[in-house]
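Peer 1: Could you have a look at this structure, given as structure tokens, before my questions?
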């Protein structure tokens with residue numbers, strides 16, 4: 001396959017040859033002897049996004065999402081690798097639960113990783129011998145799944161992960177700094193008032209200190225405050241920011257209601273703006289979605305009864321590309337590439353991913369950044385069928401490729417001459433564990 005005259009995120013125009021599962025060549029005016037040619041003039045070619053934080057809900061909650069529906073949603077948004085978190089039912093805390101989740105992951109059309117969880121009942125000597133992507137998110141306060149742990153167990157988990165060369169990601173909130181006075185309220189903002197910004201900053205500080213004591217590094221998941229980002233960065237740790245913390249704030253809760261409840265919660269607008277600045281300037285290493293779908297019926301409850309979490313895997317890259325179209329945002333296409341592909345690959349040690357370079361996996365996304373469309377929950381492919389970004393401008397992919405196979409094509413891009421929009425098309429493809437067999441850990 002030959003992709004001709006594509007514009008890369010840095011603005012260079014290049015031809016890209018794909019052979020098998022890999023990128024064979026990247027250059028100008030490459031020969032095209034008898035190959036299938038994709039004409040990409042005027043369009044941008046991005047490396048597929050690595051979403052290091054999703055909740056695909058299997059096993060345990062297939063009515064919310066499945067690996068099939070979640071991975072299709074990912075592909076339609078230009079995400080070619082997803083990393084599933086451990087708070088399923090059963091939680092991924094031992095070899096048996098890892099193996100069970102791996103069987104569900106076989107339904108994924110994109111590549112995947114599985115994180116292992118830490119609870120009082122985990123079996124580290126078995127779990128850490130599996131092909132884990134990372135350990136975590138390790139919960140320092142309870143969230144969906146009630147997997148919050150004590151300080152001693154966190155220290156033990158860091159030691160075990162370091163001994164097995166497994167990265168660690170942390171959900172950093174300290175329940176000692178939650179504001180119980182907020183429980184007297186029933187408005188949508190009460191959740192943000194309850195799980196305070198200080199609770200995150202204190203937890204990040206503590207987690208980084210423990211990591212430094214054990215001469216290791218950690219990755220802070222879904223960092224929602226500029227204070228948390230700064231503390232982690234100064235300690236030499238890495239952070240991720242979600243699209244909802246990047247683009248939404250407490251002022252949106254009057255419209256979102258309980259559909260805007262998540263952990264950590266939305267912050268004040270000034271904090272959001274400062275967080276955005278840190279994403280733009282390079283302090284934050286990556287954007288990840290914390291894609292956590294629930295049904296409309298489940299979310300349509302009181303602020304204290306609704307489950308926490310919002311979907312995001314299909315809209316994250318399209319939203320970032322729309323932001324990059326706006327020169328005033330400060331966000332460039334190169335920065336979007338780094339936040340979504342290059343940096344996650346570097347931080348988590350998956351060198352075959354994250355860049356359009358010869359020898360890398362052919363995980364590619366073609367977009368026309370001159371055109372935007374409005375996001376609509378009804379047209380997205382997640383099983384939950386809603387989004388907190390209803391009506392936002394986005395740049396959706398024309399097609400998404402995973403290891404040399406086009407797994408998704410957008411309906412209205414299939415035939416530009418046809419004025420009648422066609423259905424989106426997904427092609428048969430089986431994603432693989434990005435921790436390949438050559439790195440398999442055996443019992």
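Numbering (UniProt numbering), first residue to last: 1 to 443. Glycine included, every Cβ here is placed at the ideal spot set by N, Cα and C. This structure is a prediction, so every number in the text was calculated from the model and none was measured.
1. Use the C-beta contact count for residue 19: other C-beta atoms within 10 angstroms, 16 or more gives buried, fewer gives exposed.
2. On the three-state DSSP scale, how would you describe residue 212?
3. Would you identify the three-state DSSP class for residue 187, choosing helix, strand or coil?
4. Distance, Cα to Cα, residue 281 vs residue 302?
5. In three-state DSSP terms, what is residue 196?
6. Would you identify the three-state DSSP class for residue 134, choosing helix, strand or coil?
7. Taking 8 Å as the threshold, find out whether the region 238-245 comes into contact with the region 216-223 through three or more Cβ pairs.
8. Roughly how many whole angstroms lie between the Cα atoms of residue 353 and residue 16?
9. Report all residues from its chain with a CB closer than 7 Å to the CB of residue 178; omit the five preceding and five following residues, and keep chain order.
10. Cutting at 8 Å between CB atoms, please list the residues of its own chain near residue 357, excluding the five before and the five after it.
11. Measuring CB to CB, does residue 414 end up less than 8 Å from residue 425?
12. Are the region 364-379 and the region 281-291 touching, with three or more C-beta to C-beta distances below 8 Å?
13. Which runs of the alpha helix (DSSP H) at least 4 residues long sit entirely within the region 277-360? Give them in chain order.
14. For residue 271, which of 250, 259, 262, 385 has the nearest alpha-carbon?
15. From residue 145 to residue 87, what does the alpha carbon distance come to, in whole angstroms?
16. Is residue 408 helix, strand or coil when you go by DSSP?
17. Output needed for residue 76: all residues of its chain with C-beta closer than 6 Å, excluding positions within five of it in sequence on either side, in chain order.
18. Considering just the uninterrupted stretch of the beta strand (DSSP E) at residue 428, what are its terminal residues?
19. How should residue 125 be labelled, buried or exposed, when 16 other C-beta atoms within 10 angstroms of its C-beta is the threshold for buried?
20. Under the rule that 16 or more other beta-carbon atoms within 10 Å means buried, what is residue 231, buried or exposed?
21. Classify residue 36: buried if its beta carbon has 16 or more other beta carbons within 10 angstroms, exposed otherwise.
22. Flag this pair as touching only if the region 287-300 and the region 47-66 have three or more C-beta atom pairs under 8 Å; answer yes or no.
23. Just tell me which of 40, 300, 260, 139 has its CA closest to the CA of residue 203.
24. Tell me, which residues are paired with residue 139 by DSSP?
25. Helix, strand or coil for residue 67? Go by DSSP, reduced to three states.
26. Just mark residue 12 as buried or exposed, buried being the case when its beta carbon has 16 or more other beta carbons within 10 Å.
27. Please go through the same chain and pick out, in chain order, the residues whose beta-carbon is closer than 7 Å to the beta-carbon of residue 278, but skip the five residues on each side of it.
28. Let me make sure I understand the geometry here. Which of 10, 21, 2 has the alpha-carbon closest to that of residue 430?
Peer 2: Working from what's here:
1. Here residue 19 refers to the residue found at position 19 of the chain shown. Classification of residue 19: exposed, given that the 10 Å Cβ count is below 16.
2. Residue 212 sits at position 212 when you count from the first residue of the chain shown. In this structure, residue 212 counts as helix in the three-state DSSP scheme.
3. Sequence index remark: in the chain shown, residue 187 carries index 187 (1-based). Note: residue 187 maps to coil in three-state DSSP.
4. As a first step, residue 281 must be located in the chain shown, where it is residue number 281. As a first step, residue 302 must be located in the chain shown, where it is residue number 302. Each residue's alpha carbon lies about 38 Å from the other.
5. Sequence index remark: in the chain shown, residue 196 carries index 196 (1-based). Residue 196 falls in the coil class under three-state DSSP.
6. For this step, residue 134 is matched to residue 134 along the chain shown. Note: residue 134 maps to strand in three-state DSSP.
7. Yes, the region 238-245 touches the region 216-223.
8. For the purposes of this step, residue 353 is taken as the residue at position 353 of the chain shown. For the purposes of this step, residue 16 is taken as the residue at position 16 of the chain shown. Cα atoms of residue 353 and residue 16: separation of roughly 16 Å, rounded to the nearest angstrom.
9. Here residue 178 corresponds to residue number 178 of the chain shown, with the count starting at 1. The residues 194, 195, 196, 199, in chain order, have a CB closer than 7 Å to that of residue 178 in the same chain once the five nearest residues on each side in sequence are set aside.
10. Taking the first residue of the chain shown as position 1, residue 357 is located at position 357. Once the five neighbours on either side are set aside, the close Cβ partners of residue 357 are 23, 26.
11. Against the chain shown, residue 414 aligns to sequence position 414. Against the chain shown, residue 425 aligns to sequence position 425. In terms of Cβ geometry, residue 414 and residue 425 form a close pair [threshold 8 Å].
12. No contact exists between the region 364-379 and the region 281-291.
13. Fully contained in the region 277-360 are the following alpha helix (DSSP H) runs of length 4 or more, in chain order: 296-299, 316-325, 333-337, 343-348.
14. The sequence position of residue 271 within the chain shown is 271, counting from 1. Looking at 250, 259, 262, 385, the one whose alpha-carbon comes closest to that of residue 271 is 250.
15. Mapped onto the chain shown, residue 145 falls at position 145. Mapped onto the chain shown, residue 87 falls at position 87. In this prediction, residue 145 has a pLDDT of 46, which is less than 50 and means its spatial position is unreliable; nothing more can be read from the coordinates.
16. Here the question's residue 408 lines up with position 408 in the chain shown. If DSSP states are grouped into helix, strand and coil, residue 408 belongs with the strands.
17. Here residue 76 corresponds to residue number 76 of the chain shown, with the count starting at 1. For residue 76, same chain residues with a beta-carbon under 6 Å away, outside a window of 5 residues either side, are 314, 381, 408 in chain order.
18. Translated into the one-based positions of the chain shown, residue 428 becomes position 428. Segment: none, residue 428 is in no beta strand (DSSP E) and carries neither H nor E.
19. Start at 1 with the first residue of the chain shown, and residue 125 comes out as number 125. So residue 125 ends up on the exposed side.
20. The sequence position of residue 231 within the chain shown is 231, counting from 1. Of the residues assessed, residue 231 falls on the buried side of the cut-off, its CB having 16 or more other CB atoms within 10 angstroms.
21. Taking the chain shown and counting its residues from 1, one reaches residue 36 at position 36. Result: exposed.
22. Verdict: yes, contact present.
23. For the purposes of this step, residue 203 is taken as the residue at position 203 of the chain shown. Closest option to residue 203, Cα to Cα, is 139.
24. The sequence position of residue 139 within the chain shown is 139, counting from 1. Paired residues: 171.
25. Stepping through the chain shown from its first residue, residue 67 is reached at position 67. Looking at residue 67 - three-state DSSP - the assignment turns out to be helix.
26. Residue mapping note: residue 12 aligns to position 12 of the chain shown, counting from 1. It counts as exposed.
27. Position 278 of the chain shown holds residue 278. Closer than 7 Å at the Cβ level, and outside the excluded window around residue 278, lie 226, 229, 284.
28. Position 430 of the chain shown holds residue 430. When only C-alpha atoms are compared, the closest one is 21.
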